[in-house]
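K.L.:
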Amino acid sequence: MASSATGFPRVFIGSQAVAEGALTPKQLRGPSFVRVVPGVYAPADVPRDHALRVEGAGLVLPTEALVTGASAATVLGVPLLGWSDRVELVVPEEGGRHPVGRDVRVRRSRSTPGPGRSWRTTRLAPPERLAFDAAARESLPSATARLDGLARAGLVHLPRLGRWLEGRRDHGVVRVRAALALADPRAESAPESVLRVVLVLAGVDVDVQLDICDERGAFILRADLAVVGVRLAVLYDGAWHALRLQQEKDRRQDHALSAAGWVTLRITAADLAEPGRAVALVRAAAARAPSRPRS
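Residue numbers for the sequence shown follow the UniProt record's numbering, so the first one is 1 and each next one is one higher.
1. Could you check where the beta strand (DSSP E) with Pro-92 kicks off and where it finishes?
2. Are Leu-161 and Pro-113 touching if we call contact CB-CB under 8 Å?
3. Nearest by alpha-carbon distance to Leu-59: which of Ser-111, Trp-119, Thr-6 and Ala-260 is it?
4. Assuming the contact rule is C-beta atoms closer than 8 Å, Val-230 and Ala-286 should be a hit. Round their C-beta distance to whole Å, please.
5. Buried or exposed, going by whether 16 or more other CB atoms sit within 10 Å of the CB of Phe-132?
6. For the alpha helix (DSSP H) containing Trp-262, name the first residue and the last one.
7. Of all the options Leu-52, Trp-83, Gly-14 and Pro-43, which has the alpha carbon lying nearest to the alpha carbon of Pro-31?
8. From residue 380 to Gln-209, what distance separates their C-alpha atoms?
9. List the residues that DSSP assigns as beta-bridge partners of Arg-107.
10. Ends of the alpha helix (DSSP H) at Asp-133?
11. With 16 as the cutoff for other CB atoms within 10 Å, does Arg-45 come out buried or exposed?
12. For the beta strand (DSSP E) containing Trp-164, name the first residue and the last one.
13. Compute the distance between the beta-carbons of Ala-136 and Arg-175, then report whether it is under 8 Å.
14. Which residue's Cα is closest to the Cα of Ser-111: Ser-142, Pro-92 and Phe-8?
15. Following the continuous beta strand (DSSP E) through Ser-118, name the residue where it begins and the one where it ends.
16. By DSSP, does Ser-291 sit in helix, in strand, or in coil?
17. Using only the alpha-carbon positions, how far apart do Arg-277 and Arg-10 sit?
18. When the Cα of Arg-186 is compared with those of His-171, Ala-218 and Ala-151, which residue comes out closest?
19. Just how far apart, CA to CA, sit Gln-253 and Thr-268?
20. Hey, how far is the Cα of Arg-35 from the Cα of Leu-235?
21. How long is the line joining the alpha carbons of Ala-280 and Gln-247, rounded to whole angstroms?
22. When the Cα atoms are used, what is the spatial distance from Gly-116 to Val-75?
23. So, with DSSP's three-state summary, where would you put Arg-48?
24. Give me the residue from Ala-181, Ala-233 and Leu-199 with the minimum Cα distance to Cys-213.
25. Residues in its own chain within less than 8 Å of Ala-289 by CB, not counting five upstream and five downstream?
26. Spell out whether any CB of chain C is found under 8 Å from the CB atom of Arg-48.
27. Could you have a look at Ala-22 and say whether DSSP puts it in helix, strand or coil?
28. My guess is that Thr-144 and Ala-202 are in contact by the Cβ rule of under 8 Å, so how many angstroms apart are they, rounded?
29. Buried or exposed for Gln-16, please, with buried defined as at least 16 other CB atoms from any protein chain shown within 10 angstroms of its CB.
This is the structure:
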């Protein structure tokens with residue numbers, strides 16, 4: 001695929017372009033091109049995102065290296081990484097030329113990672129390997145959120161991941177098993193997943209994506225979380241909730257919930273940044289909420 005402005009490919013090896021006379025070294029270092037990874041360049045008009053970095057790395061990776069984890073998830077539609085983030089790779093523990101450098105993050109596998117699937121200039125790890133590597137280095141809440149997102153997007157089947165983990169002794173496998181036990185792809189965003197795990201680890205049981213209706217059976221909203229045993233809807237407020245139209249919608253929903261006998265608690269990013277604070281807010285709201293039958 002060529003860049004619309006320059007006619008050069010989206011990614012190319014700089015030394016080859018110079019050797020073929022397509023560019024001079026000075027032109028390569030000029031404003032018309034950007035370095036993607038060492039030795040690989042792209043026209044400056046090509047959007048700089050993580051997919052471009054992965055595509056560029058694919059030109060110089062050894063054949064046994066597979067793109068994995070958050071990098072593979074990102075190019076498949078679950079945006080976990082950006083332009084400035086390193087490309088995550090998995091390689092066999094024994095043999096082969098392993099890539100090094102600040103632009104890549106390498107994980108070594110005791111077993112062959114698998115053939116993977118083709119993607120542009122490179123190959124992506126199989127689903128279970130991808131999911132494992134995406135979660136293994138994360139905190140438990142973040143690891144669970146990543147598994148939720150991958151499962152929700154159809155990139156991994158959680159029961160198959162569980163079977164894949166059986167008997168493995170890779171670094172991080174205990175963390176991934178724990179995250180898998182907590183995973184729930186019904187969560188609609190990573191912050192919702194993190195909040196759920198923070199609450200569960202603190203001993204607060206919650207229902208996920210609970211539909212709440214008024215006394216006539218009319219739908220009010222689907223709560224991100226609802227504390228089990230009480231009428232407390234816990235909602236995560238992302239940045240879009242600061243918009244005026246969204247604030248008006250939120251107020252209408254809160255009034256409808258109140259009329260239906262529910263207490264509403266909106267958790268913000270600032271609250272979630274302090275997990276203890278988020279748990280305390282939920283417990284305080286639950287203490288004043290009316291009871292409800294367990295679902």
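Think of the CB as a built atom: it goes at the ideal place given N, C-alpha and C, for glycine as much as any other residue. Note that this is a predicted model, so its numbers are computed, not measured.
P.N.:
Working from what's here:
1. Position 92 of the sequence shown holds residue 92. That run of the beta strand (DSSP E) goes 87 to 92.
2. The sequence position of residue 161 within the sequence shown is 161, counting from 1. The sequence position of residue 113 within the sequence shown is 113, counting from 1. In this structure, Pro-113 does not lie closer than 8 Å to Leu-161 by Cβ.
3. Indexing the sequence shown from 1 puts residue 59 at position 59. When each option's Cα is compared against that of Leu-59, the closest is Trp-119.
4. The sequence position of residue 230 within the sequence shown is 230, counting from 1. The sequence position of residue 286 within the sequence shown is 286, counting from 1. Cβ-Cβ separation between Val-230 and Ala-286: approximately 5 Å, consistent with a contact (criterion under 8 Å).
5. Translated into the one-based positions of the sequence shown, residue 132 becomes position 132. Classification for Phe-132: buried.
6. Start at 1 with the first residue of the sequence shown, and residue 262 comes out as number 262. That residue, Trp-262, is in no alpha helix (DSSP H); it is neither H nor E in DSSP.
7. By one-based count along the sequence shown, residue 31 stands at place 31. If we check each option's Cα against that of Pro-31, Pro-43 comes out closest.
8. Since the displayed the chain opens at 1 and closes at 295, residue 380 lies outside it and no answer follows.
9. Within the sequence shown, the letter at position 107 stands for residue 107. Its beta-bridge partners are Val-90.
10. Numbered from 1 along the sequence shown, position 133 holds the residue referred to as residue 133. In the DSSP assignment, Asp-133 falls within the unbroken alpha helix (DSSP H) covering 127 to 135.
11. By one-based count along the sequence shown, residue 45 stands at place 45. The residue asked about is misnamed: residue 45 is Asp in this sequence, not Arg. Its Cβ having fewer than 16 others within 10 Å, Asp-45 is exposed.
12. Position 164 of the sequence shown, counted from the first residue, corresponds to residue 164. That residue, Trp-164, is in no beta strand (DSSP E); its alpha helix (DSSP H) goes 158 to 165.
13. Taking the sequence shown and counting its residues from 1, one reaches residue 136 at position 136. Taking the sequence shown and counting its residues from 1, one reaches residue 175 at position 175. Cβ distance < 8 Å, so Ala-136 and Arg-175 count as in contact.
14. Translated into the one-based positions of the sequence shown, residue 111 becomes position 111. Ranking the options by Cα distance to Ser-111, first place goes to Pro-92.
15. As a first step, residue 118 is located in the sequence shown; it is residue number 118 there, counting from the start. Note, Ser-118: beta strand (DSSP E), 117 to 119.
16. Here residue 291 refers to the residue found at position 291 of the sequence shown. For Ser-291, the secondary structure class from DSSP, reduced to helix, strand or coil, is strand.
17. In the sequence shown, counting from the first residue as 1, residue 277 sits at position 277. In the sequence shown, counting from the first residue as 1, residue 10 sits at position 10. Approximately 47 Å between the Cα atoms of the pair.
18. Residue numbering aside, residue 186 sits at position 186 when the sequence shown is read from its first letter. Of the candidates His-171, Ala-218 and Ala-151, the one whose C-alpha sits nearest the C-alpha of Arg-186 is Ala-151.
19. Walking along the sequence shown from the start, residue 253 turns up at place 253. Walking along the sequence shown from the start, residue 268 turns up at place 268. Spanning the two alpha carbons is a distance of roughly 17 Å.
20. The residue you call residue 35 lines up with position 35 of the sequence shown. The residue you call residue 235 lines up with position 235 of the sequence shown. Answer to the nearest angstrom: the Cα atoms are 42 Å apart.
21. For the purposes of this step, residue 280 is identified with residue 280 of the sequence shown, where counting begins at 1. For the purposes of this step, residue 247 is identified with residue 247 of the sequence shown, where counting begins at 1. Spanning the two alpha carbons is a distance of roughly 24 Å.
22. Here residue 116 corresponds to residue number 116 of the sequence shown, with the count starting at 1. Here residue 75 corresponds to residue number 75 of the sequence shown, with the count starting at 1. Approximately 14 Å, taken between the alpha carbons.
23. Residue numbering aside, residue 48 sits at position 48 when the sequence shown is read from its first letter. If DSSP states are grouped into helix, strand and coil, Arg-48 belongs with coil.
24. The residue you call residue 213 lines up with position 213 of the sequence shown. Among Ala-181, Ala-233 and Leu-199, the Cα nearest to that of Cys-213 is on Ala-233.
25. Numbered from its first residue, the sequence shown carries residue 289 at position 289. So the qualifying residues of the chain are Val-227, Val-230, Arg-231, Leu-232, Trp-262 and Val-263.
26. No chain C appears in this structure, which consists of one protein chain only.
27. For the purposes of this step, residue 22 is taken as residue 22 along the sequence shown, with counting starting at 1. DSSP places Ala-22 in coil when its eight states are reduced to three.
28. Along the sequence shown, read from residue 1 onward, the residue named residue 144 stands at position 144. Along the sequence shown, read from residue 1 onward, the residue named residue 202 stands at position 202. With 8 Å as the limit, Thr-144 and Ala-202 do not qualify as a contact, their Cβ atoms being about 14 Å apart.
29. Position 16 of the sequence shown, counted from the first residue, corresponds to residue 16. By the 10 Å Cβ count, Gln-16 comes out exposed.
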